[in-house]
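J.:
Residue numbers (my numbering), protein chains in the order written: chain A, 1 to 284; chain B, 285 to 559.
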């Protein structure tokens, strides 16, 4: 891949006072405009991978690091978290922990003020990103008075206002109800599709990721176990099971059918693919 | 002694009260009123000057007069005066009163009242206690005026502009944000516990429950503080509070600034005359 926006080169990381490394020799290139879903069981190293993209690992965590992470040409070991905040927007799992201001407007302004954006430009960007995440009209509302989905979209807006080239989301929907989840997924898809923003998302909703992601990376015990297009990765039902991840339900169905003597020529990974594949295979 | 309500109920009620008060203060600070409209730097400098003049005053009439000024400022700032007075004077006896109490008996001077068991309240002791109570009450009133008329972020930014160290402001900012989160967790923890407790707990059981909860909270608080701080750092936080508001002194701000400082100076001079 020529000129990837994210280049992870042989990254290993072990937190202080732990017995095993969180990441082991991870190498991964991500091109600009990709939508990468990172999956894997608990303790696979997904969060550590995310934190290494904006420099929190190693700058703000005690531990030992080997290898390199280059983001848009910047070595994260040589660049501060504050400087990387202009390039990498980070959204964490719990929106409550990310929102620290009294109104949505001030929440978005926080990062902009810290990076010295002029006031008029700030006001313009605040309106723009609130519109992008579907929160126009919420500028003066307290984040505490918003639903979980709205809070998480506000956290995304706050990250977007910095005009990052890469948006990293670490299990952004784990605390949300189904409606809130859908709100977050559609905003990410729209940003990727319409703005070409690079998205790296840690997510367990495999069916949703099969639809939206352009690439799936499966981590296991700190290593990259599987890496490729959703159609190539998610059809490996046994390999996924072996590392503690799971395939989409339609893929699982095809696999089970095959085990019972009903071979399916091509495993579907999305509902739409299943609707095309199963009738053709005589599955009713 | 165990009260009619158990520790869980009392804790839940107190959490609700604290959150309500926090919301109440933010709401007041954003409503129209005289102090709300002033530049926060003027309020900090002016009210601080008045606070110093209260502290150094040796004249009860001057302290009383300054308390009158605090009440007048509360009225023109459309603050609920009843709540403003209660907030100060209902809490004061529990803290300052306990400190002032020994002075009543231990300060040497002419006898004011004789009590059983040869206990004597001296006139000097009573005056000392009265000075302490009125000074603290008036000072807290000025501090409350500042907090109730200035949004928290604006207050922090004003402190930053006035060269208060960044570390101190960061601690204030994190504490404020963190307390709301922590209270939410405590609320969940106690509600969950209450929903699993059928009978009435003995005082000893309640003590054990509170001790266990305090331990669990300490662990959670460490985790929480890390997560909140990481999220702020990820957005380029540099330890300085920022708001979209720009501070600009108007003629009215200058006038109030000089007025409050002049009043404090006069009170300081007059207050040196005992009374």
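Yeah, the Cβ is synthetic: ideal placement off N, Cα and C, and Gly gets one too. Just so it is clear, the structure is predicted and the values come from calculations on it, not from any experiment.
Give me the subset of the region 106-124 of chain A whose CB atoms are less than 9 Å from a CB atom of chain B, sorted by chain position.
T.: Result list: 106, 109, 110, 111, 112, 113, 114, 115, 119, 122, 123.
J.: Would residue 441/B be called buried (16 or more neighbouring beta carbons within 10 Å of its own) or exposed?
T.: Buried.
J.: What distance in whole Å lies between the Cβ atoms of residue 85/A and residue 111/A, which are believed to be in contact at a cut-off of 8 Å?
T.: 6 Å between Cβ atoms; contact.
J.: Would you mind reading off the limits of the beta strand (DSSP E) that contains residue 35/A?
T.: That run of the beta strand (DSSP E) goes 35-39.
J.: With contact counted as at least three CB pairs below 8 Å, one residue from each stretch, are the region 142-158 of chain A and the region 65-79 of chain A in contact?
T.: No: fewer than three Cβ pairs fall under 8 Å.
J.: Name the chain A residues that come within less than 7 Å of residue 516/B, Cβ to Cβ?
T.: Those are 100, listed as they occur along chain A.
J.: Out of 90/A, 43/A, 16/A, 14/A, state which residue places its alpha-carbon closest to the alpha-carbon of residue 188/A.
T.: Residue 188/A has its Cα closest to that of 90/A, out of 90/A, 43/A, 16/A, 14/A.
J.: In chain order, what residues of the same chain lie with their CB nearer than 8 Å to the CB of residue 421/B, ignoring the 5 residues before and after it?
T.: For residue 421/B, where only same-chain residues beyond five positions count, the Cβ hits under 8 Å are 351, 372, 373, 376, 380.
J.: Of all the beta strand (DSSP E) runs that stay within the bounds of the region 163-190 of chain A, which reach a length of 3 or more residues?
T.: Within the region 163-190 of chain A, the complete beta strand (DSSP E) runs of at least 3 residues are 166-170.
J.: Tell me the rounded alpha-carbon separation between residue 464/B and residue 151/A.
T.: Each residue's alpha carbon lies about 16 Å from the other.
J.: Residue 33/A to residue 256/A, Cα distance in whole Å?
T.: Their Cα atoms are separated by approximately 35 Å.
J.: Would you call the CB atoms of residue 39/A and residue 200/A closer than 8 Å?
T.: Against a cut-off of 8 Å, the Cβ pair of residue 200/A and residue 39/A comes out as no contact.
J.: Which residue marks the beginning of the alpha helix (DSSP H) containing residue 5/A, and which one marks its end?
T.: Here residue 5/A belongs to no alpha helix (DSSP H), and DSSP marks it neither H nor E.
J.: Buried or exposed for residue 95/A, going by 16 or more other Cβ atoms inside 10 Å?
T.: With 16 or more Cβ atoms within 10 Å of its Cβ, residue 95/A is classed as buried.
J.: Can you pull the chain A residues whose beta carbon is under 9 Å from the beta carbon of residue 504/B, in chain order?
T.: Here the premise fails: no neighbours, minimum Cβ distance about 12 Å.
J.: With a CB to CB cut of under 6 Å and the five nearest residues on each side skipped, what residues in its chain are close to residue 267/A?
T.: Excluding positions up to five away in sequence, the list reads 235, 251, 254.
J.: Are residue 444/B and residue 453/B closer than 8 Å when you measure CB to CB?
T.: Yes; because the gap between Cβ atoms is below 8 Å, this pair is in contact.
J.: On a Cα-Cα basis, can you pick out the residue from 17/A, 99/A, 133/A, 27/A that is closest to residue 339/A?
T.: No answer is possible for residue 339/A: it lies beyond the span of chain A, which begins at 1 and ends at 284.
J.: For residue 544/B, go through chain A and note every residue whose CB falls closer than 9 Å to its CB, in chain order.
T.: Correct list: empty, because the minimum Cβ distance to chain A is about 26 Å.
J.: Can you find at least 3 beta carbon pairs, one from the region 314-332 of chain B and one from the region 392-402 of chain B, that sit closer than 8 Å?
T.: With a cut-off of 8 Å, the region 392-402 of chain B and the region 314-332 of chain B do not count as touching, because too few Cβ pairs lie within range.
J.: Suppose contacts are defined by Cβ-Cβ distances below 8 Å. Is residue 336/B in contact with residue 546/B by that definition?
T.: Not in contact: residue 336/B and residue 546/B (Cβ atoms no closer than 8 Å).
J.: Cutting at 6 Å between CB atoms, please list the residues of its own chain near residue 92/A, excluding the five before and the five after it.
T.: Cβ within range, chain order: 98, 170.
J.: According to the neighbour-count rule (16 or more other Cβ atoms, all chains shown, within 10 Å of its Cβ), is residue 237/A buried or exposed?
T.: Buried.
J.: Is residue 316/B close to chain A? Criterion is C-beta to C-beta, closer than 8 Å.
T.: Not an interface residue.
J.: In this structure, how does DSSP classify residue 288/B when only helix, strand and coil are distinguished?
T.: Annotation note: pLDDT 49 at residue 288/B (below 50); position unreliable, coordinate value reported separately. In the structure shown, residue 288/B sits in coil (DSSP, three-state: anything other than H, G, I, E or B).
J.: Does the Cβ-Cβ distance between residue 460/B and residue 509/B come in under 8 Å?
T.: Not in contact: residue 460/B and residue 509/B (Cβ atoms no closer than 8 Å).
J.: Which residues, taken in chain order from the region 312-339 of chain B, show a beta carbon closer than 7 Å to some beta carbon of chain A?
T.: The residues in question: there are none.
J.: Should residue 326/B and residue 552/B be called a contact, given that it needs their Cβ atoms to be closer than 8 Å?
T.: No.
J.: Against residue 595/B, what residues of chain A qualify as contacts under a CB-to-CB distance less than 9 Å, listed in chain order?
T.: Because chain B here runs from 285 to 559, residue 595/B falls outside it and cannot be looked at.
J.: Taking a cut of 7 Å between CB atoms, which residues from the region 46-58 of chain A lie near chain E?
T.: Note that chain E does not occur in the displayed structure, where the protein chains are A and B.
J.: So the candidates are 470/B, 363/B, 543/B; which of them puts its Cα closest to the Cα of residue 269/B?
T.: Chain B is shown only over 285 to 559; residue 269/B falls outside these bounds and no answer can be derived.
J.: Would you say residue 26/A lies against chain B (beta-carbon separation less than 8 Å)?
T.: Residue 26/A does not count as touching chain B.
J.: In or out: residue 78/A buried (at least 16 other Cβ within 10 Å) or exposed?
T.: So residue 78/A ends up on the exposed side.
J.: Output the distance between the C-alpha atoms of residue 21/A and residue 12/A, rounded to the nearest integer angstrom.
T.: Looking at the two C-alpha atoms, the distance is approximately 7 Å.
J.: To which residues does DSSP link residue 89/A through a beta bridge?
T.: In the DSSP output, where bridge partners are listed per residue, residue 89/A has 167/A.
J.: Starting from the N-terminal side, write out each stretch of the alpha helix (DSSP H) that is 4 residues or longer and does not extend beyond the region 387-458 of chain B.
T.: DSSP runs (the alpha helix (DSSP H)) wholly in the region 387-458 of chain B: 407-433, 436-445.
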